[in-house]
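Quick note on this note's numbering: the first sequence kicks off at 7 and runs consecutively.
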Amino acid sequence: MQWIRPRLVAEVEFAEWTDDGRMRQPIFMGLRPDKDPKACVREEAQPAERLVESAGTRPGLGTTDVTKAAKATGSPAGSDPGTGPVITHPDKVLWPEEGYTKGDLIAYYTAVAPFILPHLKDRPLILKRYPNGIGAPPFYQHDVKTAPAFVKTIPVREEDGSLVHYALCQNPETLIWLANMGVIPQNPWLSRAPELSRPDWIVFDLDPPGDVAFPEVCSLALYLREILEGLGLKVFAKTSGSRGIHIYVPLKPAYDFTQSLGFAQLVGAYAVKVKPDSFTVERSLKARKTDRIYLDCMQNSEGKSVASVYSVREKPGATVSAPLEWAELKRKVRMEDFDIRTMPKRLEKRGDLFAEVLKTRNSLEGALRKLEKLLQPGR
DNA sequence: GATGCAG
DNA sequence: CTGCATCAACGCTTC
DNA sequence: GAAGCG
Numbered sequence: 007m008q009w010i011r012p013r014l015v016a017e018v019e020f021a022e023w024t025d026d027g028r029m030r031q032p033i034f035m036g037l038r039p040d041k042d043p044k045a046c047v048r049e050e051a052q053p054a055e056r057l058v059e060s061a062g063t064r065p066g067l068g069t070t071d072v073t074k075a076a077k078a079t080g081s082p083a084g085s086d087p088g089t090g091p092v093i094t095h096p097d098k099v100l101w102p103e104e105g106y107t108k109g110d111l112i113a114y115y116t117a118v119a120p121f122i123l124p125h126l127k128d129r130p131l132i133l134k135r136y137p138n139g140i141g142a143p144p145f146y147q148h149d150v151k152t153a154p155a156f157v158k159t160i161p162v163r164e165e166d167g168s169l170v171h172y173a174l175c176q177n178p179e180t181l182i183w184l185a186n187m188g189v190i191p192q193n194p195w196l197s198r199a200p201e202l203s204r205p206d207w208i209v210f211d212l213d214p215p216g217d218v219a220f221p222e223v224c225s226l227a228l229y230l231r232e233i234l235e236g237l238g239l240k241v242f243a244k245t246s247g248s249r250g251i252h253i254y255v256p257l258k259p260a261y262d263f264t265q266s267l268g269f270a271q272l273v274g275a276y277a278v279k280v281k282p283d284s285f286t287v288e289r290s291l292k293a294r295k296t297d298r299i300y301l302d303c304m305q306n307s308e309g310k311s312v313a314s315v316y317s318v319r320e321k322p323g324a325t326v327s328a329p330l331e332w333a334e335l336k337r338k339v340r341m342e343d344f345d346i347r348t349m350p351k352r353l354e355k356r357g358d359l360f361a362e363v364l365k366t367r368n369s370l371e372g373a374l375r376k377l378e379k380l381l382q383p384g385r
């Protein structure tokens, strides 16, 4: 048993709700010093909640205040489902160059929670944790053995027979808890519970080498869009927040990973066939020509993840993965235009430009027929 | 960043 | 009590 | 067989 005194507690009001119970408008009240030294909270590790709840995951209304909740219920903070996340070391600097702290990260995710949560919902998360900031080595965590009650997890049987409990991010509390654990980007699977072996999107990662400028990446993203739309697919783009562009092909969850990966690789082969001086699918860095954009299709394997839209990246400037309208790819957008400070304003102004991704359900049959025709020798 | 275990 | 290890994994490649 | 790659 251990006693923790939270130095600060998050004050977040969750005021409005959509019909299906998702948060619409969070009001981040900032971080408040814990004034009462006696208001120590006993944080007891709990076995993570094992059930996947489709409904009823709605977090507690009102101010999420650990201290108050603990007092009110008289029970240990971690064991009360109505209790919010405990924030530790909010002043810890995670981006040394900019001086951005863990508190900044938490404030960001709180602000964008209503927009990012629908994209994370029901997707197992691969936690990539940076407890000591982006300049120190991170570590990965798949199995979430202990977590507060508000964190839902889903058991997944691994190939070796072992059981791994993946976290699902179903509510704002979990988002804050993750950020507090040093999780900077959110890395969800490409499939959702309960259909974990059926991806509901394909991602093409256009990853430029050091000597290809961003406008060139944008122009090739537009070209890949032409290819995919020519196959009859509705597709969407976002910045990766690192150097490249991610193109999403939303799917009806009807294919397995072998099929979606196979399709992605065929598209990759076709892109290289048509523009061999621009694209490469060569995975080895050494064998890869340094003036070509790496079209990474291998991310579409089972159990892999791609940094989600609105994820903060572990990069200088605390850039975020930002959805783009196709017209924006033709204009002068820069990766650095979208960061931890500017994204909330853009969301307020433009709304969720990736909302359609969750409503679109492409089929692959027709596209595959067309693609096979295009790939026939002699064409 | 949190845990659990060795010393 | 302090200190230290642990916290993933997949297909494919080249060395 | 090990190590690199994303």
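All residues carry an ideal CB built from backbone N, CA and C; glycine is no exception. If you're wondering where the values come from, they're calculated on a predicted model, not measured in any experiment.
V280 carries a helical assignment under DSSP once its states are collapsed to helix, strand and coil.
In the three-state DSSP reduction, R135 falls in the strand class (E or B). Taking 8 Å as the cut-off, the Cβ atoms of S284 and R298 count as close. By the 16-neighbour rule on beta-carbons within 10 angstroms, R319 is buried.
In its chain, beyond the 5 residues on either side, P256, L257 and K258 have a beta carbon closer than 7 Å to the beta carbon of R367.
Exposure of L291 is indicated by the presence of fewer than 16 other C-beta atoms within 10 angstroms of its C-beta. Its chain contains L196, Y254, V255, L257, S266, F269, A270 and N306 as the residues whose beta carbon lies nearer than 8 Å to that of I208, once the 5 sequence neighbours on both sides are disregarded; these appear in chain order.
The count of Cβ pairs closer than 8 Å, one atom from the region 209 to 225 and one from the region 152 to 161, stays below three, leaving the stretches out of contact. The beta carbon of L353 lies closer than 7 Å to those of V118 and F121 in the same chain, with the five residues before and after it left out.
Nearest to K244 by C-alpha distance, out of E371, M349 and L370, is M349. Going by DSSP, I122 is part of the alpha helix (DSSP H) stretching over K108 to L126.
In the structure shown, A243 adopts extended strand secondary structure according to DSSP, grouped into three states. L181 and T94 have their C-alpha atoms some 14 Å from each other. Note that the C-beta distance between H125 and V241 is not below 8 Å. Inside the region 172 to 246, DSSP marks whole alpha helix (DSSP H) runs of 4 or more residues at positions 178 to 186 and 220 to 236, from first to last along the chain. As DSSP reads the structure, F344 sits in no beta bridge. One thing to note: G238 has its Cβ within 8 Å of the Cβ of G372. A residue is called buried once 16 or more other Cβ atoms fall within 10 Å of its Cβ, and A142, having fewer, is exposed. Counting only residues of its own chain and dropping the five nearest sequence neighbours on each side, V363 has a CB closer than 6 Å to the CB of F242, Y254 and P256.
Here the region 332 to 343 makes no contact with the region 128 to 139; the two share fewer than three CB pairs at distances below 8 Å.
A Cβ-Cβ separation of about 14 Å leaves Y276 out of contact with L370 under the 8 Å criterion. The shortest C-alpha to C-alpha distance from I251 to any of I233, A313 and E288 is the one to A313. In the structure shown, L267 adopts helical secondary structure according to DSSP, grouped into three states.
In this structure K321 is buried. Its beta-carbon is surrounded by 16 or more other beta-carbon atoms within 10 angstroms. In the same chain as R204, and ignoring 5 residues on each side of it, the C-beta atoms closer than 7 Å to its own belong to S197, P259, A260, Y261 and D262, in chain order. Non-local C-beta neighbours of D213 in its own chain, meaning closer than 6 Å and more than five positions away in sequence, comprise G250, Y300 and D302, ordered along the chain. Non-local C-beta neighbours of T286 in its own chain, meaning closer than 8 Å and more than five positions away in sequence, comprise V278, R294, K295, R298, I299, Y300 and L301, ordered along the chain.
Pairing A361 with F344 gives a Cβ-Cβ distance that is not under 8 Å.
E179 counts as buried, since no fewer than 16 other beta carbons sit within 10 angstroms of its beta carbon.
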